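**Student:** Would you mind keeping the following structure in view while I ask a few things?
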Amino acid sequence: MNLFSDIRTLVIDSLNAMVADGAIPGGLDFANVTVEPPRDPLHGDMATNAAMVLAKPAGAKPRDIAEALAARLSDDPRVSSAEVAGPGFLNLRLDNAVWQSLPKAILSSGVAYGKSGMGQGRRVNVEYVSANPTGPLHVGHTRGAVFGDALASLLAYAGFDVTREYYINDGGAQVDVLARSVYLRYLEAHGQEVAFVDGTYPGDYLIPVGEALRDKVGDAYVGQPEDVWLEEVRDFATDAMMLLIRADLGMLGVEMDMFFSEKSLYGTGLIEAAIDSLKDKGLIYRGVLEPPKGKKPEDWEPREQTLFKSTEHGDDVDRPIMKSDGSWTYFAPDIAYHYDKVQRGYDLLIDVFGADHGGYVKRMKAAVSALSDGRTPLDIKLTQLVKLFKNGEPFKMSKRAGTFVTLRDVVEQVGPDVTRFHMLTRKNDAPLDFDFDKVLEQSKDNPVFYVQYANARVHSVLRKAVEAGVTVDDATLAGVDLSGMTHDSELAVARKLAEWPRLVEIAARTNEPHRVAFYLYELASDLHALYNKGNDVPELRFLQEGNTDATQAKIALARAVSVVISAGLGILGVTPVEEMR
8 MNLFSDIRTL
18 VIDSLNAMVA
28 DGAIPGGLDF
38 ANVTVEPPRD
48 PLHGDMATNA
58 AMVLAKPAGA
68 KPRDIAEALA
78 ARLSDDPRVS
88 SAEVAGPGFL
98 NLRLDNAVWQ
108 SLPKAILSSG
118 VAYGKSGMGQ
128 GRRVNVEYVS
138 ANPTGPLHVG
148 HTRGAVFGDA
158 LASLLAYAGF
168 DVTREYYIND
178 GGAQVDVLAR
188 SVYLRYLEAH
198 GQEVAFVDGT
208 YPGDYLIPVG
218 EALRDKVGDA
228 YVGQPEDVWL
238 EEVRDFATDA
248 MMLLIRADLG
258 MLGVEMDMFF
268 SEKSLYGTGL
278 IEAAIDSLKD
288 KGLIYRGVLE
298 PPKGKKPEDW
308 EPREQTLFKS
318 TEHGDDVDRP
328 IMKSDGSWTY
338 FAPDIAYHYD
348 KVQRGYDLLI
358 DVFGADHGGY
368 VKRMKAAVSA
378 LSDGRTPLDI
388 KLTQLVKLFK
398 NGEPFKMSKR
408 AGTFVTLRDV
418 VEQVGPDVTR
428 FHMLTRKNDA
438 PLDFDFDKVL
448 EQSKDNPVFY
458 VQYANARVHS
468 VLRKAVEAGV
478 TVDDATLAGV
488 DLSGMTHDSE
498 LAVARKLAEW
508 PRLVEIAART
518 NEPHRVAFYL
528 YELASDLHAL
538 YNKGNDVPEL
548 RFLQEGNTDA
558 TQAKIALARA
568 VSVVISAGLG
578 ILGVTPVEEM
588 R
């Protein structure tokens, strides 16, 4: 049940009837006609822009169309009034019976209430985290992991067929550095003193890896030149780091459907196939680029390179794909990786990158556009930095990783649910402050607590009702009479519940899972306001002593809130709590 969609259908049907009657001309495009909450709740329950968007193509005054449409809409029993405002906006008030029917629909559907068929089973690949396999995940990766995972869940809830994917950056020079660092720990495990020079990874997390390598090969590599051990140690170290990364992700409840190795692109013809695809389209050429911005001609050495004509697909400049020595640039395997995704037949690609990849957006979008002939959209979401605080002061924990605060440090401090929810309390491209004290604070200012408290409060009421001998299972509550639900505070909760299916579709359409967290906070606020109102207005209390029917009716609305909160938290990957301790 999507009430906003239902009323929009009513508006479209009414417009078609106006066409049939000759009130407006035929052939009008209704695609931009919307029904949404009014900016000011005092103006009504819903508002439609139909008259405003149709006036010009219809050759009529907006207000004339609005008045004619209002008359037709008022004939529907769901609409108690349709009022024209300003130049032609149309504000609708719905009959109380509409709001009174919502809890039944929600309790009958369970957490499926709000699920959408919008995605129509289209295949979406969401690539996120994709950290270099050189160490444990840090707090920045944590935000990307949470965002990507919540986005994938949101899209699945909205009817898409989603693949969660991790791209293992194991083909570059950084894995050679990892291998050399592990080799130092390996020598250390044999009792030798070692020094970590600049460019190596000194973190303690490599100590057990070096010891494990010693246990596997004994002293076979001690004193041996690099060409003897580098390849095997590189593979051994990469596998060990991926085990560590998978464990870190597991702490957050993140499970990938697929891990794709960059290394698998080399020596297999995959890069060559991707570049040949672009070459066949006339997009690969030999040329000389202009000096980069800020570089003077005398500071720039022009040289002929193999270039991808990315400007033909929206990029600012063409991009090199091959170095002067004949080796591939970093961009080439990324092209090949996305070529592989396109070949796998996805309808939509989404990449979640860190803020430092901002300069990569246009070139990557250009590559996918070219590879797919514009058929496969690529949306790139950048996650901004996370600043850590404790009691309002910048905070640094023990850096077991050697150079940064790890995901594991954060989760061990506050738990996975708090971590996940708080990482979604800001839009992905806005900086995020993470205060270890505030995220655990039990107050309205802490959205994690406030939403969980609303769910726990409902379950507390359910337990008390059972103790009083009142039947409160969902099937029973779905059948109770809610005609007495007429107070403004109760109707406010129902109106907010009605927004959930619409919110899901908007969040999925824009790839913005933070909207779910925001909505849950607003819904929890309305529930708490209703609960507190009962302190002054006894007839609003969820437990109506001596009146089973009234108690069940009150609890039906509260339980509907709990169902939607559980569905929303499920999208965010957070476990709803039924009791606060």
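Just so we're aligned, residue 8 is where the sequence shown starts under my numbering, counting upward by one. Glycine included, C-beta positions come from ideal geometry on N, C-alpha and C. Just so it is clear, the structure is predicted and the values come from calculations on it, not from any experiment.
(1) Can you list, in chain order, the residues of its chain whose CB lies under 7 Å from that of L447, leaving out five sequence neighbours each side?
(2) So V201 packs on L191, CB below 8 Å; how close in whole Å?
(3) Go ahead and pull the three-state DSSP assignment for G352.
(4) Using a Cβ-Cβ cut-off of 7 Å (strictly less than) and excluding sequence neighbours within five positions of D533, which residues of its own chain qualify?
(5) Can you have a look at F266 and say buried or exposed, based on whether 16 or more other CB atoms are within 10 angstroms of its CB?
(6) If you scan the segment 202 to 238 from start to end, which runs of the alpha helix (DSSP H) of 4 or more residues do you find wholly inside it?
(7) Decide if the segment 80 to 98 is in contact with the segment 305 to 321; the criterion is three or more beta carbon pairs, one per stretch, under 8 Å apart.
(8) Which one of L484, H50 and G142 has the shortest CA to CA distance from D211?
(9) Quick one: what does DSSP say D358 is sitting in, helix, strand or coil?
(10) Just to check my reading of the structure: K111 and A485 have Cβ atoms closer than 8 Å, yes? What is that Cβ distance to the nearest angstrom?
(11) Pick helix, strand or coil for R192, following the three-state DSSP scheme.
(12) Within 10 angstroms of the Cβ of Q559, are there 16 or more other Cβ atoms? Answer buried if so, exposed if not.
(13) Just how far apart, CA to CA, sit T170 and E134?
(14) The alpha helix (DSSP H) with A567 in it runs from where to where?
(15) For H145, write down the residues that DSSP places opposite it in a beta bridge.
(16) Going by DSSP in three states, V98 sits in which element: helix, strand or coil?
(17) N398: buried (16+ other C-beta within 10 angstroms of its C-beta) or exposed?
(18) Pull up the DSSP beta-bridge partners for I31, would you.
(19) Is it the case that the Cβ atoms of L161 and P423 are separated by a distance below 8 Å?
(20) What does the alpha-carbon distance come out to for the pair T432 and A567?
(21) How is P401 classed by DSSP in three states: helix, strand or coil?
(22) Opposite R293 in the DSSP bridges: which residues?
(23) In chain order, which continuous runs of the beta strand (DSSP E) of length 3 or greater are located wholly inside the segment 423 to 451?
(24) Since L80 sits in a beta bridge, which residues does DSSP pair it with?
(25) Can you tell which of Y528, D246, V571 and L356 has the C-alpha that lies nearest to the C-alpha of A505?
(26) If you measure between the beta carbons of P340 and G198, is that distance less than 8 Å?
(27) Identify every residue that forms a DSSP beta bridge with M53.
(28) Could you name the residues of the same chain whose beta carbon sits closer than 8 Å to that of I328, not counting the 5 residues immediately before and after it, in chain order?
(29) Taking the alpha carbon of V368 as the point to measure from, which residue in K388, S379, G352 and L378 has its own alpha carbon closest?
(30) Less than 8 Å separating the beta-carbons of V523 and I357?
(31) How should G155 be labelled, buried or exposed, when 16 other C-beta atoms within 10 angstroms of its C-beta is the threshold for buried?
(32) Can at least three beta-carbon pairs, one atom from the segment 547 to 565 and one from the segment 460 to 477, be found at a separation below 8 Å?
(33) From this set, K63, V240 and T517, which residue's C-alpha is nearest A159's C-alpha?
(34) Using a Cβ-Cβ cutoff of less than 6 Å, which residues in the same chain neighbour L10 once the five nearest sequence positions on both sides are dropped?
(35) Could you pull out every residue in the same chain whose Cβ sits closer than 8 Å to the Cβ of A77, ignoring the five residues on either side in sequence?
(36) From the DSSP output, read off the bridge partner residues of D283.
**Tutor:** Checking against the coordinates, here is how it stands:
(1) V421 and V425
(2) 4 Å
(3) coil
(4) A499, V500 and K503
(5) exposed
(6) 214 to 224
(7) no
(8) G142
(9) strand
(10) 5 Å
(11) helix
(12) buried
(13) 8 Å
(14) T555 to L579
(15) T413
(16) The question names Val, but residue 98 in the sequence shown is Asn. Residue state, collapsed to three classes: strand.
(17) exposed
(18) Its beta-bridge partners do not exist; DSSP assigns none.
(19) no
(20) 23 Å
(21) strand
(22) T313
(23) 439 to 442
(24) L80 is not bridged to any residue.
(25) V571
(26) no
(27) L99
(28) I282, I291, T313, L314, F315, W335, T336, F338, A339 and I342
(29) K388
(30) no
(31) buried
(32) yes
(33) T517
(34) A505
(35) A89, E90, V91 and L97
(36) According to DSSP, D283 bridges with nothing at all.
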